[in-house]
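Residue numbers (full-length UniProt numbering): 1 to 300.
For glycine and all other residues, C-beta sits at the position ideal for the given N, C-alpha and C.
In this text the structure is predicted, and so the values were computed from the model without any measurement.
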């Protein structure tokens, strides 16, 4: 069999297998499997032999009832969570799962606002809530267009607060060993919501917008620099050579149809001719931007 025992941190939970027969004449062993998944023996009690507690974690913290086989863990902590196994040699083997919880402290409410939207966060200093519920004037709040519950219901967002929102709000937090509630009044004065008479703090987005402006400016500068670098690379990606007619030509490597613009060289300058798709001889070609070597068509 297997059962579950819930306990408060710092208490002394009783692990009772409920066997129903005296065990003082039997050899009883208690074992433990913790979060590390290791199986260790924590108690060994046999007739006519001294009781042994071989595990350091539980040593001097166990109270064993020889007659019933029940085991009490004194001053239990979260480290003691796990599976406890009782073995009665020749009779039975049974498991008990121990779960440790901290008592919840009194909840508190943190409020922030942005324009007409208010964010309310219910939180505790100690303990972990397994359930969080919100109420307004005794009616439970659910997700909708006006209310949004987030972060396992610990955060309530009220969109576009208006004159119908003022009232008594309650946050209820619960775990298996404790239950706590906190109630507060919400009022709306114009566009400024307030909790228990205190105006909510502006959110970071409204309270300090300077970092966002700086980020946008930096992004724009980055895009401008990136565009300039790409433009320069594309602009100079061309070579000079000769075509099959012996005329000088400029080959634009980015042109998908390999358009070549021909120039006629003369003593008085160059004359632009019509574009052609003829092949540009690039065996003597040089990049426009580099090298001391000149193409063989350039006059010495």
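Check: Please specify which runs of the beta strand (DSSP E), each continuous and at least 3 residues long, are wholly inside the UniProt domain "Ig-like" (115 to 187), giving them in chain order.; Outcome: 117 to 123, 131 to 136, 147 to 150, 155 to 158 and 167 to 175
Check: Let me know the secondary structure DSSP gives residue 70 once reduced to three states.; Outcome: coil
Check: For residue 44, does the three-state DSSP call read helix, strand or coil?; Outcome: strand
Check: Once the 5 residues before and after residue 95 are set aside, which same chain residues still bring their CB inside 6 angstroms of it?; Outcome: 2, 83 and 85
Check: What does DSSP give as the partner residue(s) for residue 32 in the beta ladder?; Outcome: 40 and 84
Check: With the cut-off set at 7 angstroms, would you say residue 14 and residue 72 are in Cβ contact?; Outcome: yes
Check: Any contact between the stretch 96 to 111 and the stretch 49 to 64? By contact I mean 3 or more CB pairs, one from each, below 8 angstroms.; Outcome: no
Check: Counting only the same chain and skipping the five closest in sequence on each side, list residues whose C-beta sits under 6 angstroms from that of residue 119.; Outcome: 112 and 157
Check: Tell me the residue span of the beta strand (DSSP E) that contains residue 103.; Outcome: No beta strand (DSSP E) contains residue 103, which DSSP labels as neither H nor E.
Check: Between the Cα of residue 131 and those of 4, 176, 41 and 144, spot the shortest distance and give me the residue it belongs to.; Outcome: 176
Check: Quick one: what does DSSP say residue 19 is sitting in, helix, strand or coil?; Outcome: coil
Check: Rounded to whole angstroms, what's the CA-CA distance from residue 63 to residue 37? Just pull it up for me.; Outcome: 24 angstroms
Check: Alpha carbons only, please: which of 66, 195, 171 and 50 is nearest the one belonging to residue 180?; Outcome: 171
Check: Tell whether a beta-carbon distance below 7 angstroms holds between residue 168 and residue 154.; Outcome: no
Check: Using C-beta distances below 6 angstroms, list every residue in its chain close to residue 187, excluding the 5 sequence neighbours before and after it, in chain order.; Outcome: 166 and 194
Check: Could you work out which residue in 222, 11, 50 and 228 is closest to residue 99 when comparing CA atoms only?; Outcome: 11
Check: Would you tell me roughly how many angstroms separate the C-alpha atoms of residue 9 and residue 97, rounded to the nearest one?; Outcome: 15 angstroms
Check: If you draw a straight line from the alpha carbon of residue 124 to that of residue 162, how long is it in whole angstroms?; Outcome: 29 angstroms
Check: Which value, in whole angstroms, describes the spacing of the CA atoms of residue 66 and residue 77?; Outcome: 24 angstroms
Check: I need the straight-line Cα distance from residue 164 to residue 217, nearest angstrom please.; Outcome: 41 angstroms
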